[in-house]
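Sequential numbering of the sequence shown, starting at 2, is according to the numbering used here. Each residue gets a CB set at the ideal place from its N, CA and C atoms; glycine is no exception. Input: a single structure, listed below in structure tokens.
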Amino acid sequence: MENRVYNFAAGPSMLADEVLLAIKEELFNYHGSGMSVMEMSHRSKGYLEIFEKTKNGLKKLMNIPDDYEILFMHGGATGMFASIPLNLTKGKTADYIITGNFSKKAADEAKKYGDVHTAYDGKENNYTHIPDENELSFSADPAYIHLCANNTIYGTEWKSFPVNHKATLIADMSSDILSKPVNVSDFGLIYAGAQKNMGIAGIAVAIIRKDLIEEADVKVPSIMNYALELKHDSMLNTPATYPIYVLGKVVDWLEELGGLAEIEKRNIEKAKILYDYLDASKFYKSFAEKESRSLMNVTFSCGDPDLDAAFAAKAAENGLCNLKGHRLVGGLRASIYNAMPKAGVEKLIEFMDDFAREN
Ligand SMILES: *Cc1c(COP(=O)(O)O)cnc(C)c1O
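As structure tokens, this is what we get:
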């Protein structure tokens, strides 16, 4: 464990020590097979056991109802931006709630394939705000309503989801999935790139209600066709075998720790000490509106780009890495996903206090 830093990167991001150690333990010789999981055929008995265990573990951890399917898709969350309209609009208009960069990207991708209605756009408040129900205006009969549950770049997060609508809700949960319990039945589709809170880059996990999966248009690329992927149990071609295995380890870790209610408790505690510090400080400013703040990505600034740069550089020298904010927002960002221990946040606050005093 020596020489490990606290990695505040937005993604790919920190993994829990327990997860890395479990992987290390099995790296050269998985359960007496004489090979690494990386070297296994996706059709082998050994790998299929890992695959099923990962799926069942995730189902249990998230309390996913039986009428939902889990698909492991290629192309990350960005691949999902394209496959969602291709599979699910069926010629109808799709509604998009724009609360940041990624929801905008999702909408722009959907516009290539059909009609998109913008139900809300937070551009005017510089994406510091998550809308209330009365700020949303949906189209008459949308195929679905798409939102981004946590805005990784801007540091805002939905605390509760829209209910005044009759459409299917779809959520990009790339940066807050597994951070707290969610009621899966509120959504037709939940998806996430794995590299923030579910492990490592290489897969998007899609949790989709079965009745939404119909025979898609033949023009939908096979690799993005939900019906085909379901038919082949996410093995239409070689799946991203290792990221699926790592996801299984992350699920095991969270289960052992007490499940999503327990990790939520820890995440609230972690974020609270950092936001409390920011609110009390005259030196730092936090970016997101108070009611809309994310528990996963904390965006703030010293109020001066040169100072922000100096902060990030000096923090890195002190083992607090990747605190530079996204170029769209500037400033600083501390991504404190599940794997970031409270001690990391405490060390960050200590550093912030020293830096403020020196400057
Ligand atoms: C990181 C991220 C994405 C993009 O994920 P990729 O897997 O790189 O395509 C999309 N949405 C959100 C909310 C993200 O945080």
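| query | result |
| --- | --- |
| If S302 sits next to T157, beta carbons under 8 Å apart, how far is it from one beta carbon to the other, in whole angstroms? | So it is not a contact: roughly 15 Å between Cβ atoms. |
| Got a sec: does ligand 1 put a non-hydrogen atom nearer than 6 Å to the Cβ of F162? | no |
| At a cut-off of 6 Å, is A78 close to ligand 1 when judged by its beta-carbon and the heavy atoms of the ligand? | yes |
| For G359 and G345, I'd like the C-alpha separation in whole angstroms. | For the sequence presented, residue 359 should be read as Glu rather than Gly. Distance between the alpha carbons of E359 and G345 is about 21 Å. |
| When the Cα of L62 is compared with those of A241, Y7, S34 and S180, which residue comes out closest? | S180 |
| Touching or not, the region 166-176 and the region 39-56, by the rule of three or more beta carbon pairs under 8 Å? | no |
| N88 by DSSP, collapsed to three states: which one? | helix |
| Give the DSSP-derived three-state secondary structure of N8 in the structure shown. | strand |
| Looking only at its own chain, which residues have a Cβ that is under 6 Å from the Cβ of V20, when we skip the five neighbours before and after it? | K250, V251 and W254 |
| Could you spell out where the beta strand (DSSP E) holding M74 opens and where it closes? | Y69 to M74 |
| Check whether the region 129-142 touches the region 157-168, counting contact only when three or more Cβ pairs, one atom from each stretch, lie closer than 8 Å. | yes |
| Using C-beta distances below 6 Å, list every residue in its chain close to A272, excluding the 5 sequence neighbours before and after it, in chain order. | L296 |
| Check whether the Cβ of D173 lies closer than 6 Å to any heavy atom of ligand 1, and answer yes or no. | yes |
| For a cutoff of 7 Å on Cβ pairs, would you count E318 as touching chain C? | The displayed structure is made up of one protein chain only, and chain C is not part of it. |
| Considering just the uninterrupted stretch of the beta strand (DSSP E) at S302, what are its terminal residues? | N298 to S302 |
| Taking the beta carbon of V164 as the centre, do at least 16 other beta carbons fall within 10 Å, making it buried, or is it exposed? | exposed |
| So what does DSSP say about T239, is it helix, strand or coil? | coil |
| What are the start and end residues of the alpha helix (DSSP H) that includes A340? | No alpha helix (DSSP H) holds A340; DSSP gives it neither H nor E. |
| Using 8 Å as the threshold, is the region 68-77 in touch with the region 228-241, meaning 3 or more CB pairs across them? | yes |
| Is any non-hydrogen atom of ligand 2 found closer than 6 Å to the C-beta of T153, if you look at the structure I gave you? | No copy of ligand 2 occurs in the structure displayed; its ligands are ligand 1 alone. |
| Just to check my reading of the structure: N151 and I264 have Cβ atoms closer than 8 Å, yes? What is that Cβ distance to the nearest angstrom? | 14 Å between Cβ atoms; not a contact. |
| Hey, V299 and Y155 are a contact pair by Cβ (cut 8 Å); roughly how many whole angstroms apart? | In fact, because the Cβ distance is near 11 Å, the residues do not count as touching under 8 Å. |
| Does the distance between the C-beta of T123 and the nearest non-hydrogen atom of ligand 1 fall short of 6 Å? | In the sequence under discussion, the amino acid at residue 123 is Gly, which differs from the Thr named in the question. G123: no, Cβ never under 6 Å from ligand 1. |
| Looking only at C-alpha atoms, which of E292, P143 and Y276 sits nearest to K286? | Y276 |
| Looking at A193 and I209, is the spacing between their C-beta atoms short of 7 Å? | no |
| Quick one, which of D309, Y114 and P342 has its alpha-carbon nearest R328's? | D309 |
| What residue does the alpha helix (DSSP H) around H101 start on, and which one ends it? | Looking at the sequence provided, one finds Gly at residue 101 rather than His. That residue, G101, is in no alpha helix (DSSP H); it is neither H nor E in DSSP. |
| Give the range of the alpha helix (DSSP H) segment to which I269 is assigned. | G260 to A281 |
| Rounded to the nearest angstrom, what separates R5 and S293 at their Cα positions? | 32 Å |
| At the level of alpha carbons, what is the spacing between D96 and N184? | 21 Å |
| Please check the pair K266 and G12, which I expect to be a contact at CB under 8 Å, by giving their CB distance rounded to whole angstroms. | Contact flag wrong, Cβ pair sits at about 23 Å. |
| Cβ atoms of A262 and G203: under 7 Å apart, would you say? | no |
| Which same chain residues end up closer than 6 Å to I214 when comparing Cβ atoms and leaving out the 5 residues on each side of it in sequence? | Y227, A228 and L231 |
| Under three-state DSSP, which class holds T119? | strand |
| Shortest alpha-carbon distance to I224 belongs to which of A107, A195, L87 and D142? | L87 |
| So which of K25, K211, V117 and G35 has the shortest CA-CA distance to A144? | V117 |
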